[in-house]
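Q:
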Amino acid sequence: MKNLNLINQIEAYLRGEMSPEERKAFEQLLMEDPTVDQQFKEHQQLMAFMQAYGERQRLQHAMNLIHEQIDVNALKNELMPFSTKVVRLWRSYRNYAAIAAVAAIVTVFSTLIFSGHLFENNASYSALRREINKIKRSQNDLVKDIKGKAKGPLNPGEFGGTGFALSSNGYIATNYHVVKGADSLYIQNAAGATYKVKTVYLDPAYDIAVLQIVDPEFESLGKLPYTFKKSNADLGEDVFTIGFPREEPVYGKGYLSSNTGFDGDTVAYQVSIPVNPGNSGGPLLDNRGNVIGIISGKQDRTDGAAFAIKSTYLLQSINEIPEKDLDRNLILNKKNSLSNLARKEQIKRIQDYIFMIRVY
Amino acid sequence: MKDKINSSIPDDKEILLGIRNGTKQSLELIYQAHFPMILQMVISNNGDEEEAKDIFQESIIVLYNKVKAGNFELNSKLKTYIYAICRRLWLKRLNQQSKFTHQLSVAEEVEESTTDLEEYEHQNRQFQLMQTALSQLGEPCKTIIEEFYLHNKSMQDICEQFGYTNADNAKTQKYKCLQRLKKLFFKA
Chain A
0 MKNLNLINQI
10 EAYLRGEMSP
20 EERKAFEQLL
30 MEDPTVDQQF
40 KEHQQLMAFM
50 QAYGERQRLQ
60 HAMNLIHEQI
70 DVNALKNELM
80 PFSTKVVRLW
90 RSYRNYAAIA
100 AVAAIVTVFS
110 TLIFSGHLFE
120 NNASYSALRR
130 EINKIKRSQN
140 DLVKDIKGKA
150 KGPLNPGEFG
160 GTGFALSSNG
170 YIATNYHVVK
180 GADSLYIQNA
190 AGATYKVKTV
200 YLDPAYDIAV
210 LQIVDPEFES
220 LGKLPYTFKK
230 SNADLGEDVF
240 TIGFPREEPV
250 YGKGYLSSNT
260 GFDGDTVAYQ
270 VSIPVNPGNS
280 GGPLLDNRGN
290 VIGIISGKQD
300 RTDGAAFAIK
310 STYLLQSINE
320 IPEKDLDRNL
330 ILNKKNSLSN
340 LARKEQIKRI
350 QDYIFMIRVY
Chain B
0 MKDKINSSIP
10 DDKEILLGIR
20 NGTKQSLELI
30 YQAHFPMILQ
40 MVISNNGDEE
50 EAKDIFQESI
60 IVLYNKVKAG
70 NFELNSKLKT
80 YIYAICRRLW
90 LKRLNQQSKF
100 THQLSVAEEV
110 EESTTDLEEY
120 EHQNRQFQLM
130 QTALSQLGEP
140 CKTIIEEFYL
150 HNKSMQDICE
160 QFGYTNADNA
170 KTQKYKCLQR
180 LKKLFFKA
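Take a look at the structure:
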């Protein structure tokens with residue numbers, strides 16, 4: 000109980016609850032009794048500590064109150080425009096990502112180098128069959144207009160190419176790849192005359208097709224102005240062609256630049272002439288109006304490298320047509336009426352014998 | 000919102016004076032002005048908002064201790080001081096969680112903060128001991144001790160609060176509680 004009293008006294012003293020007389024007496028006691036003094040100091044320390052602890056609690060309480068008023072999420076979004084999750088993922092995985100990327104690049108390039116793809120000239124051959132739907136889309140109105148006036152079928156067809164008459168009784172030559180997979184075929188010349196045709200003979204090896212007009216309205220094409228060259232043409236020969244890369248006949252002029260075709264193909268010539276999809280199957284004529292070949296394709300990404308099947312192979316194919324498949328005689332024209340004419344006149348005369356082929 | 004905070008950054012000296020005098024408002028000012036900076040630092044260095052809150056509050060406590068002790072001289076901006084302390088605290092915590100990041104380099108440090116932090120941590124440990132001792136004490140001892148020693152309530156108030164008929168009974172009760180608390184606290 001003595002202790003209790005002492006504590007009470009110390010606390011009263013420290014809190015200033017003593018009267019001046021009591022204070023003096025208490026200070027006197029402290030001076031006289033070292034044990035009491037010791038206890039006083041210990042308790043003073045404890046009280047100070049407890050007070051500091053209380054203060055800390057109050058401070059923390061006050062801060063928590065303030066913190067509750069702050070919208071931390073809004074603040075976070077404002078300070079961190081990027082999703083921190085993504086950033087964290089990126090930080091922890093960026094090393095792996097870098098290694099993976101390097102490995103991928105090394106693999107790609109080593110594969111390319113070892114397989115030889117990197118240095119190979121990746122030329123490719125493209126047949127010049129025209130997909131009509133593409134053009135139809137870009138020139139929608141125009142095509143509709145033409146369709147309205149045409150007396151032929153209304154559908155412009157899925158593919159198009161060019162063909163030319165072999166004889167006046169309605170045999171037509173074109174490329175095999177133009178008519179490949181056709182349901183039905185129509186031809187139309189620059190004047191607008193449209194005929195239904197059927198395939199008579201197909202030669203996939205030489206890319207040659209022979210068609211025949213089966214339209215009941217058809218009588219005769221008239222006498223052909225051009226002939227067919229039986230021998231090979233010479234390098235440097237001036238040549239020209241007429242084809243249907245559009246709905247209109249298009250004239251193209253060039254020269255024979257090589258005796259072999261794509262990849263050393265001996266069936267074809269290389270011709271330096273501007274041709275486009277739709278030119279396939281068109282006749283390649285020399286200055287005197289001899290058909291020396293059939294335009295068949297060109298090399299991608301190379302300037303001035305078109306190809307034409309040599310006329311000798313066309314003639315060979317015609318000879319191979321079985322007799323029973325021909326219900327009229329296929330007699331090739333032997334008299335050339337173009338040889339001394341100017342180019343403009345030549346074109347006028349042969350125009351009617353060159354047809355746009357519509358494939359359905 | 001950012002602009003508002005920036006424009007309302009209070010004068011450092013005023014704040015320190017406010018802390019010394021125990022003004023509530025200065026605490027609020029300092030909190031609103033500098034918490035976003037610490038939130039950004041912690042979040043962009045593998046932390047979350049709760050950790051940012053802890054770190055920031057700890058730095059404020061360090062500042063308060065220092066100011067209250069009366070020997071605080073600010074030789075940089077208050078903002079820099081708080082940032083330095085928070086960075087140090089956060090680095091320490093990251094080290095403990097062993098997810099150290101390279102971005103918060105320990106170099107260029109406000110040197111004085113080191114001793115401050117040591118003091119703070121020592122004090123913190125003592126407070127934690129006291130907290131466990133108090134919680135082991137049980138009621139009504141815990142409340143009596145807290146009211147009297149922590150919150151400086153007079154014995155008169157405590158008597159009324161607990162319904163003691165006379166102050167001597169209350170004092171006896173408090174004395175017994177204190178003895179038990181001392182045992183718990185110093186034993187640990």
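The listed protein sequences derive, respectively, from chains A and B. Residue 0 is where the first sequence starts when you use numbering that gives the first Met the number 0, and the numbers rise one by one after that. Residue 0 is where the second sequence starts when you use numbering that gives the first Met the number 0, and the numbers rise one by one after that. Note that the Cβ used here is the ideal one computed from N, Cα and C, for glycine as well.
#1: If we ignore side chains and look at the alpha-carbon of each, how far apart do A:Lys135 and A:Arg129 end up?
#2: Per DSSP, A:Phe217 is paired with what?
#3: Under 7 Å, CB to CB, which of the residues in the stretch 54-71 of chain B have a partner in chain A?
#4: By the 10 Å Cβ neighbour count, where 16 or more other Cβ atoms means buried, how is A:Val274 classified, buried or exposed?
#5: Near A:Ala189, what residues of its chain come up, given a Cβ to Cβ distance below 8 Å and the 5 sequence neighbours on each side ignored?
#6: Are the Cβ atoms of A:Gly280 and A:Asn168 separated by less than 9 Å?
#7: B:Gly46 to B:Lys173, Cα distance in whole Å?
#8: I need the straight-line Cα distance from A:Ser373 to A:Thr301, nearest angstrom please.
#9: Are any of the Cβ atoms in chain B nearer than 9 Å to that of A:Val86?
#10: Out of curiosity, what's the CA-to-CA distance linking B:Asn64 and A:Phe25?
#11: When you compare each of A:Phe108, A:Asn72, A:Val196 and A:Gly53 to B:Met129 by their alpha carbons, which one comes out closest?
#12: Buried or exposed: where does B:Gln193 fall if 16 or more other Cβ atoms within 10 Å of its Cβ makes it buried?
#13: Please determine, among B:Ser25, B:Gly137 and B:Ile37, the residue with the shortest C-alpha to C-alpha distance to B:Leu183.
#14: Does chain A have any CB closer than 9 Å to the CB of B:Asn168?
#15: Which class does A:Ser257 belong to by DSSP, given the choice of helix, strand or coil?
#16: Given that a residue counts as buried once 16 or more other Cβ atoms are within 10 Å of its Cβ, and exposed if not, what is A:Gly277?
#17: Could you have a look at B:Val66 and say whether DSSP puts it in helix, strand or coil?
#18: Label A:Gly162 either buried or exposed according to how many other C-beta atoms from any shown protein chain fall within 10 Å of its C-beta, with 16 as the threshold for buried.
#19: Report the neighbours of A:Gln59 on chain B: residues whose CB is nearer than 7 Å to its CB, in chain order.
#20: Quick check on A:Ile22 - is its C-beta less than 9 Å from some C-beta in chain B?
#21: Which class does A:Asp326 belong to by DSSP, given the choice of helix, strand or coil?
#22: Quick check on DSSP: helix, strand or coil for A:Leu210?
#23: Output the distance between the C-alpha atoms of A:Asp363 and A:Tyr124, rounded to the nearest integer angstrom.
#24: Looking only at DSSP bridge pairs, what is B:Pro139 linked to?
#25: Taking all protein chains shown into account, decide if A:Gly235 is buried (16 or more other Cβ within 10 angstroms of its Cβ) or exposed.
#26: Which of the three DSSP states, helix, strand or coil, is assigned to A:Tyr352?
#27: Between which two residues does the alpha helix (DSSP H) carrying A:Thr34 extend?
#28: What's the gap between the Cα of B:Ala166 and the Cα of B:Gln178?
A: With the structure as the only source:
#1: In this prediction, A:Lys135 has a pLDDT of 47, which is less than 50 and means its spatial position is unreliable; nothing more can be read from the coordinates.
#2: DSSP, once it has assigned bridges, lists no residue as partnering A:Phe217.
#3: For the stretch 54-71 of chain B, residues whose beta-carbon sits nearer than 7 Å to a beta-carbon of chain A comprise Gln56, Ile59, Ile60 and Tyr63.
#4: By the neighbour-count rule (16 or more Cβ atoms within 10 Å), A:Val274 is buried.
#5: Glu247, Pro248, Gln350, Asp351 and Ile353
#6: no
#7: 44 Å
#8: Nothing about residue 373 of chain A can be reported from this structure: the residues present for chain A run from 0 to 359 only.
#9: yes
#10: 32 Å
#11: A:Gly53
#12: What is shown of chain B runs 0 to 187, which leaves residue 193 of chain B out entirely.
#13: Of the candidates B:Ser25, B:Gly137 and B:Ile37, the one whose C-alpha sits nearest the C-alpha of B:Leu183 is B:Gly137.
#14: It does not; no Cβ of chain A falls within 9 Å.
#15: strand
#16: buried
#17: In this structure, DSSP gives B:Val66 a helical state, which the three-state scheme calls helix.
#18: buried
#19: Gln56
#20: According to the sequence displayed, residue 22 of chain A carries Arg and not Ile. A:Arg22 does not count as touching chain B.
#21: coil
#22: strand
#23: Nothing can be reported for residue 363 of chain A: it is not among the residues displayed for chain A, which extend from 0 to 359.
#24: Under DSSP, B:Pro139 forms no beta bridge with any residue.
#25: exposed
#26: helix
#27: Looking at the DSSP string, the run of the alpha helix (DSSP H) that includes A:Thr34 is Pro33 to Gln68.
#28: About 18 Å.
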